[in-house]
Amino acid sequence: MNASDARWTEVALAEARSAADLGEVPVGAVHVLEGRGSARGRNRTIIDGDPTAHAEIVAIRAAAETLGNHRIGGTLYVSLEPCAMCMGALLQARVERLVFAALDPKAGAAVSLYRLGDDERLNHRLLVEQGPLGEESAELLREFFRARRE
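Sequential numbering of the sequence shown, starting at 309, is according to our numbering.
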């Protein structure tokens, strides 16, 4: 971890809160390159009617557009451990580092169910770290689903 991890993870968590305000599952992401945020994303699957519009994918697409390159490098900060689809996108985009807040024991493909970021069978690997604000992110998700059940 470095000194800016908490700050960027808080930005991802703010995106997650914005997603929740829109009725989306509260997951947010921010792409950082050379110490500057290049793109943000939040879940948009319901709003867009797109099952691939996870926060990570939204941020990766925006970063690729901003940078003018499909290989975005840098670090992606996410409020929740990415699923297999999102980990695949991170690998395709050649993201160098992933920092996520909360574990996802049901769908996480960074450390919980799979370790796609360091699978030697793949042509790219990335550094995966569970970062700060895990409990805050997990509580946001619990509150969101609790409210939906009620």
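Backbone N, C-alpha and C define an ideal beta-carbon position, used for all residues, glycine too.
Leu424 classed as buried or exposed, judged by whether at least 16 other C-beta atoms fall within 10 angstroms: buried
Measure the alpha-carbon distance for Pro334 versus Val366 and round it to whole angstroms. 14 Å
Buried or exposed by the 16-neighbour rule on C-beta atoms within 10 Å, applied to Asp313: buried
Sequence-distant residues of the same chain with beta carbon closer than 6 Å to Arg315, five excluded per side: none
When you compare the CB positions of Phe408 and Leu434, do they come within less than 8 Å of one another, or not? no
Counting Cβ pairs closer than 8 Å, one from the segment 372 to 382 and one from the segment 410 to 420, do we hit at least three? no
Run the CB neighbour count on Thr317, radius 10 Å, all protein chains shown included, and call it buried at 16 or more, exposed below. buried
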